[in-house]
Structures are given as C-alpha cells and as structure tokens.
Ligand SMILES: [Zn+2]
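In the working numbering, the protein residues as written are 2 to 344.
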C-alpha cells in the first residue's frame, strides 16, 4: 500500500475513533453526574478518553506527515488554502479546550484528585463543543478535497508578466520562467519520488499512441538556442486530447507560439501539464475545473506556431513549487514518464 494511501486511511480512521471517543466521554460523564459520583460511568469516561487521545495522536502524526513530507500536495499549497487554515484553526481551538480536561482526567487516573460532579459537568460540556469542532474540521477537509479554499490565482501583475513572456516565442512553462526572472526565484528540482508518483498516475493524452514508438524531442533546439523542452506527438487535426493525469485546469491560455493551450495541475499539485497548439477546447472547459485522467480537454490542431501541414500536440510537463504560478516550473521530459507509465 503506498504510504500516502496509508496515511490518508489512518487520518480518516482517526475521525471515527476520535468522534466516538469524545462523544462517548461526554455521555459517560453525563451519566456520572450524581452524588456520589457513579464510579462505573467514570470508568467508561476514562476508556472513551483513551480512544480520544489515540485519535488525537494519530491525527497529529499523519497530519504533520502529510503536510510536510509532500505525500499529497505541496506544503505551500496547504498553507495558502483558506479551508486548510480554517481546519487548523479549529484544531488549535480543540487543543486549547482540551488542556484542562486532559490534566484533570490524568489526575483522576493517578488518584491525585477525586472525580467530582463539578469537573465532570464541565468536561461534558467541553467534550460536546469539541465534537462540534471535529465536525467543522470534517467540513473544512471535504471542502479542501473538493478544491474549495484555493486563493484566487493571478493578480493582474503576474498575469501580464506571463502574457508578455508567453506571447513572444516561448511555449513551455520553463522558458517563461527564465524570461520573467525579474526576481529569480530558484526553480524546484524534481526528485525521483516526485517523478515516480507522477508516472504512476500518467496516461497518454492521445488514444492509440504507443509511447514506446515515440522519439524524445525534449532536447531538440527550436529557433536558435532554445530547447524544445516538451514532447511533440503528431496526430491528425481534431484528434481528441485527453488529460494525462487527474488534477485540475489551471489556465486556458492563448499565445502566439502555443496557440490554444491548457495548463493543468496534477492531483498532487506538484506538476504542471501543458497542452498546446489545440484546435479547440472540450465544450465547457474552464479555469479551475477538476480533471480526471483520460477526460477530454480539447482537440489536436496547429494553432500558434505549428505548421498546418503538421498538426500535433505539444505536451510539456514542469515541476512546480506553486501551481498558482502556472507558467513557471522546471521542465521534465514527458516521454520517459509516459513510457514508464505504460509498462
Ligand atoms: Zn512542440
């Protein structure tokens, strides 16, 4: 089982355990509220509290792991996401609320303090509030998974930047990066695990084309010293172009060189996939639209600087630090990834 699947599984499993635990704690404490305190109900509350604690540790470990190890999306993606920040806010609120009950229950367990109805009543109320916050966290997490909470992408300035850069001669994200390097931010280096992850999710964007029979033209020179940094796949005009990976549309863009283009992110939001020279887009395709692998996005054409005699798909992949900057990234040769994906 891939580690990211295991992490997601434990993270979600902790939800059932934790919600059950904190709810059960509240119910048991409610039952304990009589004079003298019902010992058996207190015991049940402490057992439920243990499960609540196990869930909290599981959440913390799997959550921090997923956030920092980049098994899903990049750390930058999470930290800029409103839904993620709402989720973290509620998590911090739970931690703050839990401090006093935790200490009190530890004292009960160690026999340093007698269980009493006043404390039990307070912890009951706090537990219900925590339940509500956990439910709120689920809402935020689901919103995030459905693509909500992503800040509005392009400010006018960055869009103009990429417009001027792309309108010129460049048609791969990387070339743009080197041109707009007013403040030269270092481009990310794709690691082999990044590439493996992408390759495992990749499919050919054109049906019926065997990648084993294609030749790489990644390093071919185009117009002077500029490297091609993409894969050209020859195909008749109007051949359907499919999304090579699950993810979302970042930007439908038109440039003199690339013609009609689709910039898309993979589902991990680590790579930008770009399709150029399209004859047209799939009906209704729009910025931000979620994509599944194999979904129709457009048709092969020769818009931009492609020859009408040689309609083809210009397919580029770039490693990105932040897919909101959809025109920037480190170019990666798509062909070996496609070939590995098909093996
Ligand atoms: Zn090309």
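Beta carbons are placed, not taken as given, at the ideal position from N, Cα and C, and that holds for glycine.
Owing to the predicted nature of the structure, the values given are computational and were not obtained by experimental measurement.
Relative to the non-hydrogen atoms of ligand 1, the Cβ of residue 231 comes within a distance shorter than 7 Å of at least one. Beta-bridge annotation (DSSP): residue 249 is paired with 266 and 291.
With three or more CB-CB distances shorter than 8 Å, the segment 271-280 counts as touching the segment 243-258. A straight-line Cα-Cα distance of about 36 Å links residue 288 and residue 59. Under the three-state reduction of DSSP, residue 260 is assigned to strand.
According to DSSP, residue pairing for residue 255 in a beta bridge involves 261.
In this structure, DSSP gives residue 280 an extended state, which the three-state scheme calls strand. With 16 or more neighbouring CB atoms inside 10 Å of its own CB, residue 256 falls in the buried class.
Ranked by how close their Cα comes to the Cα of residue 271, the residues 19, 199, 108 and 113 have 199 in first place. Using a cutoff of 7 Å, the CB of residue 343 does not count as near ligand 1, since none of the ligand's heavy atoms is closer than that.
Assignment of residue 233 by DSSP, reduced to helix, strand and coil, places it in the strand class. Exclusion of the five residues before and after residue 43 leaves 33 and 116 as the residues of its chain whose Cβ lies within less than 6 Å of its Cβ. Under the three-state reduction of DSSP output, residue 331 falls in the strand class. Closer than 7 Å to some heavy atom of ligand 1: that describes the Cβ of residue 315. Per DSSP, residue 38 is not a residue of any alpha helix (DSSP H), being assigned neither H nor E. Taking a C-beta distance under 8 Å as the contact criterion, residue 280 and residue 239 qualify as a contact pair. In this structure, 297 is the residue among 82, 297 and 100 with its C-alpha nearest to the C-alpha of residue 282.
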